Structures are given as C-alpha cells and as structure tokens.
Amino acid sequence: MSSSEKDRILRSLDELFLKSIRESDEAAWAYLSDEGIDPNTESEYGKKVARRIAFLMQANYQQEKDAGLLTKALELLRAKVAENSERTGEVLQQLLQARKPQVQFRNLSEWTDEQVRAVLDDVDVVELMEALEREQGMQ
Amino acid sequence: MEAEPSIPSADEVSELWSALDWKVLWPKMVSHTVATMRRRHRLKGSNEELIMQARELVEDLLNKVFVTRKRKWNRVHYPNAEDFFFDGMESQVSNWLKKRQSILRTTVNVDLEETQRDSSNPADGKLCAEDIRTEFVEMLQEMKAEDDEMLIFYARVDEGLTKPEDIRENTGMTEAVYHNAVRKLGRKLVKIRSKLGL
Chain A
0 MSSSEKDRIL RSLDELFLKS IRESDEAAWA YLSDEGIDPN TESEYGKKVA
50 RRIAFLMQAN YQQEKDAGLL TKALELLRAK VAENSERTGE VLQQLLQARK
100 PQVQFRNLSE WTDEQVRAVL DDVDVVELME ALEREQGMQ
Chain B
0 MEAEPSIPSA DEVSELWSAL DWKVLWPKMV SHTVATMRRR HRLKGSNEEL
50 IMQARELVED LLNKVFVTRK RKWNRVHYPN AEDFFFDGME SQVSNWLKKR
100 QSILRTTVNV DLEETQRDSS NPADGKLCAE DIRTEFVEML QEMKAEDDEM
150 LIFYARVDEG LTKPEDIREN TGMTEAVYHN AVRKLGRKLV KIRSKLGL
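Each protein sequence line maps, in turn, to chains A and B.
The first sequence begins at 0 in numbering that gives the first Met the number 0 and counts up by one.
The second sequence begins at 0 in numbering that gives the first Met the number 0 and counts up by one.
Pasting the structure below:
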C-alpha cells in the first residue's frame, strides 16, 4: 500500500517534470544533456529530418494537385463529349498527334472513365482544358 | 458543448510547417519523448536505444501530420500547435509500447491505462499520508534540495496543484526559476526511486 502511494507521489512529480519539458526549450535541452545526448547533434539531425519531410510534403502535395486536375479534366471532357463528341475528339487528336497518331477518337461518349484516364495520362491536362475552353468560346 | 473542429487545409498545414523552427522544436520533441519513456513508462533501455526509437516515433508523427495528413490538427482544441504535437507524441509512445510491450519494458505488468489515469488525475487533495510525506521530505533534505524544489514538492503534494502556472502563482516563482527547480527536483526523483526500489 505505502509502496504504491510512494510510487504515486513520484509519478505525480514526474508529470511536472514532463510538463516542464513541454513548456521550456531550455528544460528540454537540459534534459537531453542529462541523458547524455548532445542537443546540438540532435538539432542538426532535426534539420535533416525537416528537409526530408518538406520534400515528401511537396511531392505529396503535387501528387494530390495532379490527381485533382485529372479529375477536373475528366469532368470537363465528359461535358464536352456530351455537347459535341466529334469536335471534342478532334481537339484530343490535335493534342495527341505527335505521340499517338494512330489513336482514333470515335464514339468518345462510349468510352469508360478508365479509357479516358489512360488517354489523359498522355496529355498535358492543363493544355487540354484550355483547348476545350477555347472551343467553347468559339462556338 | 465543444466548438466545431477547425481542420486546416493542405496549404495551411504547409504554412504551419514553414513557420516552425525545427532546429529547436525537433530536439524538444525528442527530449519530451525520451522523458515520457523514462519517467512515465519507466523504460530502462540504453540512451542509444531510446533516442533511436524516439527519433523514429517523432518522424512518424510528423509524417502523419504533414505528409499524409492522416493526423489532423484541430485548431479549436489545440490553438497552440506544439500542444498538439506533444499530445500526439504521448499517444505515439503509448501505442508503440502496446505493440512492443515485451522488448524494452522492464517494469512488470505496469498498466498503461493506470499510468495515464494517475498522470491525469487532478488530485486536488493531499496525495499521501503524513508519514510518507515526512519520509519524502527527509530524503529530499538529505539530498540537499533547495527551497524552490521543496516549494514545488509542497505545492504538488500538500496543495494538490498539478498545473505549472498554478504552482508558479502559488510560490511566486518566475518561469525560469521554476523550470530550473523542476529539473533539479527531477534528478533527485530518479535517486529516490532507485533508493525505494520503485
């Protein structure tokens, strides 16, 4: 009983110790030193990790942005196909001429999303969206 | 009733990342993680083992917050992002321990929930019987604890104060004096624990 009571006192004081590290940079650095860890070495290590995280964050952000753009392009393409399938096929063909001259964009309205996405992988989606918007302006 | 959560967008998370000084915050997070392992969970691995594990856990949390954004920062609950990180690290350590209980754990059958219940216990009355209190006071005095260390001990044990700001207000200590005293007291606690075989 008294042993668990003593343990409870120690734990409650240890919690103050933990809160002190949370609150104070100096207390945190001092504790590292007490544990035989060089705070400056840790700081340098932290800078390396920060660079790594920043790189991953940027890559992830770009990936999400690209995925969002692809979805928008797909929606726009679907809308344009519904309006004028033949003309939309021509726009796609122009953009893909150099890369896939053999592809024929007929019956676009019957293509599945996967088929359209496969084509969009080969297209600069921003350029495609601009071209489709231009078409709309000309009509 | 708790306010609606406020979850930042990807751009805001990115802004938060840029605003933080990682060469200061990283060592602080690692320090807090090692201290949580040692002081709350009583791990006795070598410094090298604990520091490697702490680094891994901190980096994992940062990945969850900033890269995959699986761990979302609720700004209403955590106006200060650092509190969000530190609470996140405490649960990282608990979860890691639950998964790997048998590896570094040295205290037999310490119940994690019990540990956390104790640590969050508001305990607004006296913590212990008079004879035990006297035993602690004598041990601290034998170790030449200074007045500020004793005041913190009394504020916690006699007054039941758990918040550092309340203890500072009660004792009239500045932040710097308080943290310095807690640090010295913390070292003595390790010796007392060892002496008591706890």
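Idealized CB from N, CA, C, for every residue including glycine.
As the structure is a computational prediction, the values presented were derived from the model and not from experiment.
Can a CB atom of chain A be found closer than 8 Å to the CB of B/Arg186?
Output row for B/Arg186: interface = yes.
Under 9 Å from the C-beta of B/Glu58: neighbouring residues of chain A
Val48, Arg51, Ile52
Quick one: list the residues of chain B neighbouring A/Asp65, beta-carbon separation under 8 Å, in chain order.
Chain B residues near A/Asp65: none, gap ~13 Å exceeds 8 Å.
State the Cα-Cα distance for the pair A/Val48 and B/Met51, rounded to the nearest angstrom.
13 Å
Give every residue of the same chain whose Cβ lies closer than 6 Å to the Cβ of B/Asn108, excluding the five residues on either side of it in the sequence, and list them in chain order.
Caution is warranted here: a pLDDT of 44 is assigned to B/Asn108, below 50, making its placement in the model unreliable, and the coordinate value is therefore given only provisionally. Excluding residues within five positions, none has a Cβ falling inside 6 Å.
In this structure, does DSSP put B/Asp20 in helix, strand or coil?
coil
Taking only beta-carbon positions, decide if A/Arg148 is within less than 8 Å of chain B.
Limits of chain A in this structure are 0 at one end and 138 at the other, which puts residue 148 of chain A out of reach.
B/Ser193 to B/Ile131, Cα distance in whole Å?
16 Å
Rounded C-beta distance between B/Lys187 and B/Leu139? I'm assuming under 8 Å.
6 Å
Does the distance from the C-beta atom of B/Met88 to that of B/His31 stay below 8 Å?
yes
Could you tell me which uninterrupted alpha helix (DSSP H) segments, each at least 4 residues in length, are contained entirely in the region 141-187 of chain B, listed from first to last along the chain?
Those alpha helix (DSSP H) runs which fall completely within the region 141-187 of chain B and span 4+ residues are 146-156, 163-170.
Could you name the residues of chain A that B/Lys22 contacts, counting a contact when the two beta carbons are closer than 7 Å?
Ser42, Gly45, Lys46
Within 8 Å (strictly less), CB to CB, does B/Pro121 reach chain A?
Low per-residue confidence applies at B/Pro121: pLDDT is 41, beneath 50, and the placement is therefore not dependable enough to give any value.
Let me know if A/Glu22 comes out buried or exposed under the rule of 16 or more other beta-carbons within 10 Å of its beta-carbon.
buried
Member of B/Ile191, B/Lys69, B/Asp147 whose CA lies at the smallest distance from the CA of B/Ala175:
For the residues B/Ile191, B/Lys69, B/Asp147, the minimum Cα distance to B/Ala175 belongs to B/Asp147.
Output the distance between the C-alpha atoms of A/Asp65 and B/Thr170, rounded to the nearest integer angstrom.
57 Å
At a CB-CB cut-off below 9 Å, which residues of chain B make contact with A/Lys71?
The contacting residues do not exist; A/Lys71 stays about 16 Å from chain B at best.
Of all the options B/Phe135, B/Glu47, B/Met28, which has the alpha carbon lying nearest to the alpha carbon of B/Leu184?
B/Phe135
Looking at the C-beta of B/Thr35, does it have a partner C-beta in chain A at a distance below 8 Å?
yes
Examine the Cβ distances between the region 71-79 of chain B and the region 4-18 of chain B and report whether three or more of them are shorter than 8 Å.
yes
Measure from the C-beta of B/Arg155 to each C-beta in chain A and report whether the shortest distance is under 8 Å.
yes
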